[in-house]
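A quick write-up on the structure given underneath.
Numbering (the numbering used here), first residue to last: 268 to 570.
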């Protein structure tokens, strides 16, 4: 049983593009590149329109794909200890540079962002960060090999092996600071890399339906290991077309109080209805309320 109890997360599964939902998520949407092409994996209508009217399509995708505003270091400073990352390689790029992606590509590279995380950990030696590389776009088997080698070289002995029961005390004793999930079969043979974890994602724009979905899953019973409960909202084509002046942020803010009220009622631990990691969009807003609530749940788990 994983015993890190409730962690705060900066990400949640989003729609990768306008009207196209998937089960992937991304911490790095604060630095999406509005001038980059739409991902080839996006619906054909979007990739076609991107060739015709990129000045319209790309800003629209960015507006609805942006789910964070704080940099990755600032998210960690705010109390975030779970990072969801979606990795991509630009198909026409002959170099082996990896980016993050959410409908469009990020400005920052994987190397730049994760090196920032490694530096942050060097200055916060008692902190443990859980990182999920949850999706890969246009990454070949050979590129997976090189990416895994980079990760193991970067974090080294800070990586908690998947054979460990990672309580905080165990992590402190052994010097583990990173629990790293790699959601691709190429990571299975590496003891340092954990498999993919369950993510409770409602795929709804109505906060009432999101909460109902999460409560239903809680009654069914929590998984044995790490799992994430997403309080994020998800737009669809109909919602976007009927809210043309809005964005993912405005959509989230409208329901923020209701979602935070649900978070306040949660409990860490191994009980059937306990939660493990809670994921949210736009962490750090409203005086960092989300992180403060989750930290409070860990300090006083009976409240």
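Every residue gets a Cβ at the ideal spot worked out from N, C-alpha and C, and that includes glycine. Bear in mind the structure is a predicted one, so any value in this text is a computation, not a measurement.
Practice item. Within 10 angstroms of the Cβ of residue 291, are there 16 or more other Cβ atoms? Answer buried if so, exposed if not. Key: Per-residue confidence for residue 291 stands at a pLDDT of 35, beneath the threshold of 50, marking its modelled position as unreliable; the derived number appears in the next sentence. Under this definition residue 291 is a buried residue.
Check your understanding: Taking the alpha-carbon positions, what's the residue 572 to residue 345 distance?
Key -> Past the edges of the chain, shown from 268 to 570, lies residue 572, and the structure says nothing about it.
Exercise for review: From the DSSP output, in three-state form, read off residue 494 for me.
Suggested key: In the displayed model, residue 494 falls within a strand according to three-state DSSP.
Exercise for review: Kindly indicate which three-state DSSP category residue 339 falls into: helix, strand or coil?
Suggested key: helix
Check your understanding: How is residue 291 classed by DSSP in three states: helix, strand or coil?
Key -> With a pLDDT of 35 at residue 291, under the threshold of 50, the modelled position of this residue cannot be trusted; read the value that follows with caution. Reduced to three states, the DSSP call for residue 291 is strand.
Review point. Distance, Cα to Cα, residue 360 vs residue 313?
Key: Between the C-alpha atoms of residue 360 and residue 313 there is a straight-line separation of about 21 angstroms.
Check your understanding: For residue 403, which three-state DSSP category applies?
Key -> Residue state, collapsed to three classes: strand.
**Study point:** Reference residue 478; option with closest CA among 532, 506 and 440
**Key:** 532
Point to revise | Beta-carbon proximity of residue 365 to residue 354, cut-off 8 angstroms | key: yes
**Study point:** Through-space distance from residue 501 to residue 473, alpha-carbon basis
**Key:** 8 angstroms
Exercise for review: Go through its chain and collect everything with a Cβ distance to residue 430's Cβ below 7 angstroms, but skip five positions before and after it.
Suggested key: Within its own chain, the residues whose Cβ lies closer than 7 angstroms to the Cβ of residue 430, once the five positions on either side in sequence are excluded, are 458, listed in chain order.
Practice item. Going by CA-CA distance only, name the one from 552, 549 and 545 that's closest to residue 562. Key: 545
Point to revise | When 538, 350, 406 and 378 are compared against residue 400, the one with the closest alpha-carbon | key: Put simply, of 538, 350, 406 and 378 the residue whose alpha carbon is nearest the alpha carbon of residue 400 is 350.
Review point. By the 10 Å Cβ neighbour count, where 16 or more other Cβ atoms means buried, how is residue 329 classified, buried or exposed?
Key: buried
**Study point:** Candidates 320, 374, 308 and 325, of which the one nearest residue 338 by Cα
**Key:** 374
**Study point:** C-alpha distance - residue 549 paired with residue 513, whole-angstrom precision
**Key:** Straight-line Cα distance between these residues: approximately 15 angstroms.
Check your understanding: Along the chain, where does the beta strand (DSSP E) that runs through residue 318 open and close?
Key -> Not the beta strand (DSSP E): residue 318 falls in the alpha helix (DSSP H), residues 311 to 319.
Practice item. Please work out which residues of its chain come closer than 8 angstroms, Cβ to Cβ, to residue 476, disregarding the five sequence neighbours upstream and downstream, and give them in chain order. Key: 469
Point to revise | 3 or more residues per run - each beta strand (DSSP E) lying fully within the region 403 to 470 | key: 445 to 449 and 465 to 467
Exercise for review: Note down, in chain order, each residue of its chain lying with its Cβ closer than 8 angstroms to the Cβ of residue 323, except the 5 sequence neighbours on either side.
Suggested key: 316
Check your understanding: Is the Cβ-Cβ distance between residue 333 and residue 518 less than 8 angstroms?
Key -> Not closer than 8 angstroms, so no.
Review point. What is the residue span of the beta strand (DSSP E) that residue 501 lies within?
Key: That residue, residue 501, is in no beta strand (DSSP E); it is neither H nor E in DSSP.
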